[in-house]
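Have a look at the structure below before the remarks.
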Amino acid sequence: MSEQKARTAAQPEQAASRGGMVWALVITSVAGFMAALDNLVVTTALPSIREDLGGALHDLEWTVSAYTLTFAVLLMFGAALGDRFGRRRLFVVGLSIFTAASAGAALAPGLEALIAARAVQGVGAAIMMPLTLTLLTAAVPQAKRGMAYGIWGAVNGLAVASGPLIGGSLTEHVSWQWIFWLNVPLGLALLPLARLRLAESYAPGARLDMVGTLLASGGLFGIVYALVRGPIDGWSSATVLVSLSAGVVLLAGFVRHGMRHKAPMLPMRLFRSRAFAGINAASLLMFLGMFGSIFLLSQYMQGVLGYSPTEAGLRMLPWTGMPMLVSPLAGYLSDRIGGRPVVAAGLFLQAVGLAWYAAVVAVDVSYTTQLPALIISGVGMSLYFAPASNLVMSSVRPQEQGIASGANNALREVGGALGIAVMSSIFSAQGGYDSGWDFVNGLEPALWVGSAVVALASVAALCIPSRRSTPGEPGTTAPQQEETLVAV
1 MSEQKARTAA QPEQAASRGG MVWALVITSV AGFMAALDNL VVTTALPSIR
51 EDLGGALHDL EWTVSAYTLT FAVLLMFGAA LGDRFGRRRL FVVGLSIFTA
101 ASAGAALAPG LEALIAARAV QGVGAAIMMP LTLTLLTAAV PQAKRGMAYG
151 IWGAVNGLAV ASGPLIGGSL TEHVSWQWIF WLNVPLGLAL LPLARLRLAE
201 SYAPGARLDM VGTLLASGGL FGIVYALVRG PIDGWSSATV LVSLSAGVVL
251 LAGFVRHGMR HKAPMLPMRL FRSRAFAGIN AASLLMFLGM FGSIFLLSQY
301 MQGVLGYSPT EAGLRMLPWT GMPMLVSPLA GYLSDRIGGR PVVAAGLFLQ
351 AVGLAWYAAV VAVDVSYTTQ LPALIISGVG MSLYFAPASN LVMSSVRPQE
401 QGIASGANNA LREVGGALGI AVMSSIFSAQ GGYDSGWDFV NGLEPALWVG
451 SAVVALASVA ALCIPSRRST PGEPGTTAPQ QEETLVAV
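Just so we're aligned, residue 1 is where the sequence shown starts under this note's numbering, counting upward by one.
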């Protein structure tokens, strides 16, 4: 009789737990979708933005890089703010900033105002994005996290890759401003849900690291700015050399700070774990090769092949649509056989897809010739997203998961910003916008570089240990009681 009463009493709690898990998955996935979508949603709108607001290639780069750069350099700081002041509370703050900045970008009267609004969007995303994974982890039992990360990864992967389709469709059939207006109703709908449905959580003893934030932000900005200005001012110009040197010095200071400070934004000791170091190196290289390629390919499909923005987005669907189909399966496989082989295989396929594209690119290439490259790239990217998230979160202790999520997302965004800058520099050095052949002459070597970088990411993924950590080792998942959870 007592056992029956115990089971009856446990049923509402289990139902509430399941309900909390579903709500957490929905809220964090949609918020992650919004932040990830805005990485590349602008790419297919670039010709329309250029026609409407003017600007050269380096100006257009900043409409993407202003977002990815502020996103990247403030991600770890955003995660630390959540750990210190409450993850749900800061998630709501970040979502509010992101939503308001989206409206500001839609209303921008000129290119400078658009770039400024994109930078503020990046600030909001930097606060919001790392907390999505931490809040989801706290709401989902460990045995079900692989599938939850798979769904989260599918939605985020779809957002990254479908940005060109969504941006192209809205640009062609409404206006480019609507790629930003789209975020406003989604953000307004999520704000009350997040407040009511997510549990608050903190990391014990969390501190803010302003020195580390300034060192990382200044260093990354200096390097990216030098890469963007290099083709314009010349690689030996004072502006480029000073910017690059300052960036390298500041980043070296950030590494030294992370090794010596008692509570750094990014503890360098985490990189002693081969799992943490390997997946982060793979993530940075993956996004470097992929972002730069999509930035140029979306312009190639419109400017050279003559597709409309919608047609360009639709023709990329074999690449962009794959995450929705394959990522949940990838999450399941990572639970069964481990994340390392799934991630490594995905990165290898992504490299093959980019190499295939580089081999066939021409001013008059048929779509059927492009199709295998798009399919292979899509499957490869899908296999990467969900297992990568699982590897990151399982490579550190629970109290370090917030900063680990922030670090991984930061390195992804750094890779994206560097990818656009590096591959645009290669494109500018070898080609340009004067003619279709001129564009192809710049695109082909850029794609080869992108393929080589992603192949290197596959090698980095193979450095991740295949065995499971034993209790007490770095990367072991400790009991969740180490975090302070406050129910709604």
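Ideal Cβ positions, reconstructed from N, Cα and C, are used throughout, including at glycine. This structure is a prediction, so every number in the text was calculated from the model and none was measured.
First through last residue of the alpha helix (DSSP H) which encompasses residue i
i, result
"Y225", "210-233"
"L307", "The amino acid at residue 307 is misidentified as Leu; the sequence shows Tyr. Taken as a continuous stretch (DSSP letters only), Y307 belongs to no alpha helix (DSSP H), as it is neither H nor E."
"Y357", "339-360"
"D438", "436-462"
"P47", "46-53"
"F91", "87-106"
"G110", "First-last for G110: undefined, no H or E at that position."
"L270", "It is not in any alpha helix (DSSP H) - L270 carries neither H nor E in the DSSP assignment."
"H257", "238-260"
"P318", "317-320"
Minimum C-alpha distance to residue i - residue among the options
i, options, result
"W176", "P47, S293, G247", "P47"
"F439", "L347, S389, Y300, A457", "Y300"
"F221", "G32, T70, E444", "T70"
"T68", "T43, V342, V211, A108", "T43"
"S458", "A281, V326, A410, D364", "A281"
"I376", "A359, G353, Y384", "G353"
"Y149", "L114, L333, L215", "L333"
"Y489", "I127, P109, A226, P445", "Residue numbering for the chain in the displayed model covers 1 to 488; residue 489 lies beyond these limits and cannot be assessed."
"V30", "F91, A277, E112", "F91"
"P130", "R87, A105, G247", "R87"
"L136", "M322, V123, P164, E200", "E200"
"L75", "V422, A404, W437, S424", "A404"
"N156", "L325, S466, A452", "L325"
"L305", "V361, A45, P341, I279", "V361"
"T134", "A80, R118, R269", "A80"
"E112", "D59, G163, S102", "D59"
"I151", "G338, V453, F33", "F33"
"G163", "V396, D233, D38", "D38"
"T132", "A103, G94, G234, A108", "G94"
"D83", "A203, H173, P109, A125", "A203"
"W319", "R340, L297, P141, D335", "L297"
"S466", "L447, V342, E413, A238", "V342"
"A103", "L186, A45, I49, P309", "L186"
"L314", "Y367, L284, G346, A277", "Y367"
"G432", "N390, L25, I232", "I232"
"K144", "S424, L411, D335", "D335"
"A117", "W235, W181, A355, S327", "W181"
"S327", "S273, A388, V365", "A388"
"N183", "A263, L317, R272, V41", "V41"
"A373", "A355, V365, M21, S382", "A355"
"A139", "P398, A461, A410, V174", "P398"
"V255", "S243, M268, K262", "M268"
Residues sharing a beta bridge with residue i, DSSP
i, result
"S394", "The partner list for S394 (beta bridge, DSSP) is empty, contrary to what the question assumes."
Residue span of the beta strand (DSSP E) that contains residue i, given as start and end
i, result
"E400", "First-last for E400: undefined, no H or E at that position."
Check whether residue i and residue j have beta carbons under 9 angstroms apart
i, j, result
"G167", "G292", "no"
"I464", "A330", "no"
"G258", "G218", "no"
"L85", "M265", "The question names Leu, yet the displayed sequence has Phe at residue 85. No. Outside cutoff."
"S65", "A417", "yes"
"L191", "T99", "yes"
"L193", "I27", "yes"
"I426", "G442", "yes"
"Y384", "Q350", "yes"
"E61", "A429", "no"
"D289", "V449", "Correcting the residue type first, residue 289 is Gly in the shown sequence and not Asp. For G289 and V449, yes; Cβs fall inside 9 angstroms."
"A226", "L251", "no"
"I97", "V73", "no"
"V379", "M322", "yes"
"L270", "V396", "yes"
"A125", "L114", "no"
"S394", "G339", "yes"
"F348", "A455", "yes"
Runs of alpha helix (DSSP H) lying entirely within the region 132-200, each at least 4 residues, in chain order: 145-173, 178-181, 183-197
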